[in-house]
Amino acid sequence: MRQYILTSSASRVTHSWVKQLDRQPQELSLVFIDTASELEIGNKKWLSDDRQALVDAGFQVVDYTLTGKTQNQLEKDLAPFDVFFVSGGNTFYLLQQARQSGFIDLISNPENEKIYVGSSAGSLLTCPTIEHVSQMDDPAAAPKLKSPTAAGIVPYLLLVHWGNPAFQVGYQQAVLSLYDLPYPAVILRDSQYLVVQDGQTQFFSP
Numbered sequence: 054m055r056q057y058i059l060t061s062s063a064s065r066v067t068h069s070w071v072k073q074l075d076r077q078p079q080e081l082s083l084v085f086i087d088t089a090s091e092l093e094i095g096n097k098k099w100l101s102d103d104r105q106a107l108v109d110a111g112f113q114v115v116d117y118t119l120t121g122k123t124q125n126q127l128e129k130d131l132a133p134f135d136v137f138f139v140s141g142g143n144t145f146y147l148l149q150q151a152r153q154s155g156f157i158d159l160i161s162n163p164e165n166e167k168i169y170v171g172s173s174a175g176s177l178l179t180c181p182t183i184e185h186v187s188q189m190d191d192p193a194a195a196p197k198l199k200s201p202t203a204a205g206i207v208p209y210l211l212l213v214h215w216g217n218p219a220f221q222v223g224y225q226q227a228v229l230s231l232y233d234l235p236y237p238a239v240i241l242r243d244s245q246y247l248v249v250q251d252g253q254t255q256f257f258s259p
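54 is the number of the first residue of the sequence shown in the numbering used here; add one for each residue after it.
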């Protein structure tokens with residue numbers, strides 16, 4: 054991938070991160086990968102908000118899931134798209150499906166000239182591990198996942214939704230778990246995001 058844009062809540066900062074792209078959204082085809090949300094119940098306004106923000110920005114949006122795909126099928130299906138948008142939801146389920154489909158290999162390939170945009174779980178997928186969010190997302194949602202080792206695209210752990218009261222209890226445990234993991238941590242509020250390119254990370258708080 055030539056660029057990774059990692060958000061806590063994509064819809065909150067879409068107006069800003071689109072300015073980091075080398076082309077206008079209207080010139081880019083975007084695949085909206087909502088796999089992480091498939092097991093979520095209740096109101097999914099956060100998901101529809103992310104999608105609508107992309108449409109409002111001018112992207113050509115096509116919905117897609119990793120579930121049930123082979124690596125060959127995945128590569129063929131995603132080849133026409135310029136931008137991979139990976140939504141929020143259960144991070145463990147997303148990692149399980151990303152491994153089974155070969156999506157992890159696809160997004161980790163430095164020769165892949167696509168743009169990756171993550172929202173919440175979609176951003177966490179790029180970390181070395183997702184072990185630190187086991188108090189926020191239920192690992193039981195991914196019974197076939199043998200390890201919390203993630204893509205390792207970035208060398209740090211992300212803590213998304215920082216300051217959001219809905220995640221306060223989970224974060225009390227998540228922060229404690231950081232002491233047992235050999236990685237630095239980066240905290241992201243819903244109003245902040247990172248741009249990773251050429252091995253460098255830029256922090257934005259618009």
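For each residue, glycine too, the CB sits at the ideal point set by N, CA and C.
Computed from a prediction, not measured in an experiment: that's the story for all the values here.
*Under 6 Å Cβ to Cβ from V248, same chain only, skipping five residues before and after it: list those, please.*
I58, Q73 and Q255
_What would DSSP say about L210, mapped onto helix, strand or coil?_
strand
*Which full runs of the alpha helix (DSSP H) of 4+ residues lie inside the stretch 89-118, going along the chain?*
98-110
*If we count Cβ pairs, one from each stretch, closer than 8 Å, do we get three or more for the stretch 100-117 versus the stretch 152-167?*
no
*Mapping DSSP to helix, strand and coil, what is F220?*
helix
*Starting from the Cα of Q226, find the closest Cα among Q245, Y117 and E184 and give me that residue.*
E184
*Within the same chain, show all residues whose beta-carbon is closer than 6 Å to that of S154, passing over the 5 residues directly before and after it, in chain order.*
L119, K122 and L127
_Beta-carbon proximity check, A167 vs D135, cutoff 8 Å_ = What sits at residue 167 in the sequence shown is Lys, not Ala. Cβ distance < 8 Å, so K167 and D135 count as in contact.
*Give a yes or no on whether the C-beta atoms belonging to A89 and L147 are separated by under 8 Å.*
yes
*Work out the CA separation of H214 and A195 for me, nearest whole Å.*
22 Å
*If you draw a straight line from the alpha carbon of V262 to that of L83, how long is it in whole angstroms?*
Residue 262 is absent from the model: the chain starts at 54 and stops at 259.
*Run through DSSP, which three-state label would A238 get?*
strand
*Decide if N143 is buried, meaning its Cβ has at least 16 other Cβ atoms within 10 Å, or exposed.*
buried
*Provide the residue span of the beta strand (DSSP E) that contains L59, from first to last.*
Q56 to T60
*asked:* Can you list, in chain order, the residues of its chain with a C-beta nearer than 6 Å to that of V239? Leave out the 5 residues immediately preceding and following it.
replied: Y209 and L211
*From this set, L231, R242 and S230, which residue's C-alpha is nearest A219's C-alpha?*
R242
*Compare the Cα-Cα distances from S230 to each of G141, T182 and P133 and report the closest residue.*
T182
*Evaluate I206 with the Cβ neighbour count: other Cβ atoms within 10 Å of its Cβ, from every protein chain shown; 16 or more gives buried, anything less gives exposed.*
buried
*Can you give the beta carbon distance from T60 to S172, rounded, assuming they're within the 8 Å contact cut?*
5 Å
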